[in-house]
Amino acid sequence: MAAGAEHGLKRIVWQRIKDTLIADCRKSEVWKILILDQFTTRLLSSCCKMSNLMSEGITIVEDLHKNREPVPEMKAIYFMRPTAMCVDAFINDFKLKPKYKAAYVFFTDYCPDDLFDKMKKNCAKHIKVCKEINVSFLPLEAQVFTCENTEAFKSIYTPNSQDRDQTLETIANQIVTLCATLDDQPALTHFTCLAELVDNKLARHYELDDNSKKKGKTQAQLLIVDRALDPVSPILHELTYQAMAYDLIPIKDNNYEYKLNDGSKKEALLNEEDELWVKLRHMHIAEVTGQIPKLVKEISANRDEKKQADGKITIGGLSQLMKKMPGFRKQMTQKTVHVSLAEDLMSHFQKNVEKLCKAEQDLAVGADAEGQKVKDPMRTLLPVLLHPHDTTDKIRAVLLYIFSLNGTTAENLNKLIQHVKIEDESGYILNWKHLGVPILSTPSMLSFRKQPRKDRSDKETYNVSRWTPVIKDIMEDAVENKLEVKDWPYQSECPSAWNGSRAVSARQKHKGSSPDDLRSGSRLILFVLGGVSYSEMRCAYEVTHANKSCEVIIGSTHILTPRGLLEDIYKLDK
């Protein structure tokens, strides 16, 4: 299993699993089998290693949906989603001849009554424990979570979708389990239809939770926004290391394939077990190559023992050196991986991306690098259309042009579609309307108001990276308590730490407060319905770092890449 248990959200999730699932089974000294479905396999892989499970008395991990040999002398722990498919697979293990001595059943979240009754009817005598542990989200990074639901995009945004309500219901349940896992009872500020669902479910959850009744609202705020709030960020060519890698390199399940000097290929896992990756992932590509050797030395120095060597190699000293060898090899491998990845990215940048970036930034920001307003966006777009860029890059540029104008005329749109030669695939552009993003400038679109932007011109470092995701403005305003209540109404009452006074008020307009006014340990949870981009994930870390009194956690239905998002948009009317 992949990631360790020391990284933010992952550590919290692993602790919750230990305190519930493992603690209930620890009473028995018998070694046990752990049986997982596809989701819980991903969940455990993200927050613990096999060695963590072994130390808790779990000796075998099996797949719920595969044929398994019976082990009647062993007890089995079932950790699964409360779905008909999982419950049926569980029942089959005990219906005729029991495969295991007993079953400890743990659901990720609320199990519907009909499934619970079905289980009870068929194999009640074999079940020693049956609990819901409220972890139905995936802790992707220290400050990032996902619902692991790529199909949600289609369900939510397809016109006349049959399963939209059910999908929103599922997502709401998953957000509630995140709040429960973080032990937060947040004030809910909303920008979407999902908010009311979440608020009702949160209220129901905390009504049943005795600890929450005693504690009341925590110093947390939950913001729910829709993908339409910022269509620019997931389309733009982003030049920070992680976002650029997932945009330009075919990375599947976080595995990056690279070549060694002898021409052979190897795979590396890009996750938080790789310290170099964690230090590099949010850096601009222009800084990455120069930072790699420096950071390898820094990581090595941090790992070294603080004791000074006396100059003699004793048996104990030699033993210590031998112990350090695996760590040294790991560092050298990480260095090789990241030098290779950085070179790959620079090659893409110099060959193609650099030519796109100036036009993209001018269209997104609405001004050029000197701060001069872009008066004729078509003049900015034309060089991209006339250059032999690939079709996807041209589509991305056309979209940025349309977004900059808040929609264009039908005549102009048709010309652009013909120029890019996507007459039969115009859904890549037209289907953005299903997200509520203006594509055609019609009188009804005049009411569409863009989010006002902060002036960050004094903080810019690279002309090709002037755009800042809208979500960063929102995070900063939320932390400083500057969100306009008329735009961001509270769905539920706001804790005093967030309203700048001791009084708790639901809709009162407050004056802004500095981060120091927030009590230490406050948390902002931001959920993006319809996918979150890597550049937006980076913002959560940047705002947390800048405002040390408040941790920002960001999550979504799934993680977006520009090409993946375009494919999802295209399929909406298929």
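The opening position of the sequence shown corresponds to residue 612 in the numbering used here, with each subsequent residue numbered one higher. Heads up, the beta-carbon is just placed ideally off N, CA and C, and yes, glycines get one too. Just so we're clear, the structure is a prediction, and the values are computed from it rather than from any experiment.
Worksheet entry | Bounding residues of the beta strand (DSSP E) (the contiguous stretch that carries A687) | A687: member of the beta strand (DSSP E) spanning V682 to M691, first to last residue.
Practice prompt. Spell out the partners DSSP gives G1166 in its beta bridges.
Written response: The partner list for G1166 (beta bridge, DSSP) reads F756 and F1138.
Discussion item. At the level of alpha carbons, what is the spacing between R1130 and E1091?
Written reply: In this prediction, R1130 has a pLDDT of 40, which is less than 50 and means its spatial position is unreliable; what the coordinates show is noted afterwards. Taking the CA atoms as reference points, R1130 sits about 12 Å from E1091.
Worksheet item: What do you get for H1156, buried or exposed, if any count of 16 or more other CB atoms within 10 angstroms of its CB means buried?
Response: Here H1156 is exposed. Its C-beta has fewer than 16 other C-beta atoms within 10 Å.
Discussion item. In whole angstroms, give me the CA-to-CA distance for Q945 and N872.
Written reply: Annotation: Q945 to N872 spans about 15 Å, alpha carbon to alpha carbon.
Discussion item. Below 8 Å on the Cβ atoms is my contact criterion, and I expect A978 with K984 to pass it. Report the Cβ-Cβ distance as a whole number of Å.
Written reply: 5 Å between Cβ atoms; contact.
Fill in: Collapsed DSSP secondary structure at H848 in the structure displayed
Here H848 sits in coil by DSSP.
Worksheet item: Per DSSP, C697 forms a beta bridge with which residues?
Response: In DSSP, C697 forms no bridge with anything.
Worksheet item: Helix, strand or coil: which one does DSSP assign to L707?
Response: Looking at L707 - three-state DSSP - the assignment turns out to be coil, as it is neither helix nor strand.
Practice prompt. Going by CA-CA distance only, name the one from K969, A1021 and A980 that's closest to A1008.
Written response: A1008 has its Cα closest to that of K969, out of K969, A1021 and A980.
Discussion item. Given this structure, state the Cα-to-Cα distance separating L1183 from D1035, to the nearest angstrom.
Written reply: Distance between the alpha carbons of L1183 and D1035 is about 15 Å.
Discussion item. Can you tell me which residues form a DSSP beta bridge with S1133?
Written reply: Partner(s): C1161.
Worksheet item: What's the gap between the Cα of T631 and the Cα of I744?
Response: The alpha-carbon separation between T631 and I744 amounts to approximately 7 Å.
Worksheet item: CB-CB under 7 Å to M988, same chain, minus the five flanking residues each way: which ones, in chain order?
Response: Correcting the residue identity first, residue 988 is Pro in this sequence and not Met. L974, Y1012, S1015 and L1016.
Discussion item. For chain D, check one thing: does any of its Cβ atoms lie closer than 8 Å to the Cβ of V1163?
Written reply: Chain labels in this structure do not include chain D; a single protein chain is all it has.
Discussion item. Check for me: the beta strand (DSSP E) holding C790 runs from which residue to which?
Written reply: C790 -> not in any beta strand (DSSP E); alpha helix (DSSP H) instead, spanning R775 to T792.
Worksheet item: So, helix, strand or coil for P988, using DSSP?
Response: For P988, the three-state secondary structure derived from DSSP is helix.
Discussion item. Let me check one thing: in DSSP terms, what residues is S656 bridge-paired to?
Written reply: Per DSSP, none; premise fails for S656.
Worksheet item: Quick one: Cα of A1089 to Cα of Q1062, how far?
Response: Those two C-alpha atoms are separated by around 14 Å.
Worksheet item: Any contact of the stretch 683-703 with the stretch 711-722, i.e. 3+ C-beta pairs under 8 Å?
Response: Output reads yes: the stretch 711-722 touches the stretch 683-703.
Discussion item. Just to confirm the assignment, what range does the alpha helix (DSSP H) spanning D740 have?
Written reply: Looking at the sequence shown, residue 740 is not Asp but Val. For V740, there is no enclosing alpha helix (DSSP H); the residue is found in the beta strand (DSSP E) stretching over I738 to E743.
Worksheet entry | Local conformation of A1189 per DSSP, three classes | Beyond the ends of the chain as shown, which are 612 and 1185, falls residue 1189; an answer cannot be given.
Practice prompt. Would you be able to state if there are at least three C-beta pairs under 8 Å between the stretch 894-904 and the stretch 846-863?
Written response: Yes: the two stretches touch, three or more of their Cβ pairs being nearer than 8 Å.
Worksheet entry | Which listed residue (I738, K621, S1144 and T1072) has its alpha carbon closest to that of I1082 | For the residues I738, K621, S1144 and T1072, the minimum Cα distance to I1082 belongs to S1144.
Fill in: Cβ neighbours of N576 in the same chain (closer than 8 Å, five flanking residues each side left out)
With the chain covering only 612 through 1185, there is no way to say anything about residue 576.
Fill in: Beta-carbon proximity list for A722, same chain, < 7 Å, skipping 5 on both sides
Note on identity: in this sequence residue 722 is Cys, with Ala being the wrong assignment. Excluding sequence positions up to five before and after C722, its CB lies within less than 7 Å of the CB of P693 and E743, all in the same chain and listed in chain order.
Worksheet item: For the stretch 757-774 against the stretch 791-804, are there 3 or more C-beta pairs whose distance is under 8 Å?
Response: At 8 Å Cβ cutoff, the stretches do not touch.
Worksheet item: With which residues is E1071 paired in a DSSP beta bridge?
Response: Under DSSP, E1071 forms no beta bridge with any residue.
Worksheet item: Which value, in whole angstroms, describes the spacing of the CA atoms of P1019 and L967?
Response: The question names Pro, but residue 1019 in the sequence shown is Thr. So the alpha carbons of these two residues sit roughly 21 Å apart.
Discussion item. Going by C-alpha to C-alpha distance, which of S875, Y867 and H949 sits closest to T900?
Written reply: Closest option to T900, judged by alpha-carbon separation, among S875, Y867 and H949: H949.
Worksheet item: According to the Cβ coordinates, are I1033 and T1002 closer than 8 Å?
Response: Result yes, Cβ atoms of I1033 and T1002 sit closer than 8 Å.
Worksheet item: Ordered along the chain, which non-local residues of its own chain (more than five positions away) have a Cβ less than 8 Å from that of I1006?
Response: Result list for I1006: V1031, I1033, Y1039, I1040 and L1177, in chain order.
Discussion item. Please report the distance separating the alpha-carbon of T1168 from that of E759.
Written reply: If I take the Cα positions, the gap works out to 6 Å.
Worksheet entry | Unbroken beta strand (DSSP E) run spanning L880, endpoints | Looking at the DSSP string, the run of the beta strand (DSSP E) that includes L880 is K876 to L880.
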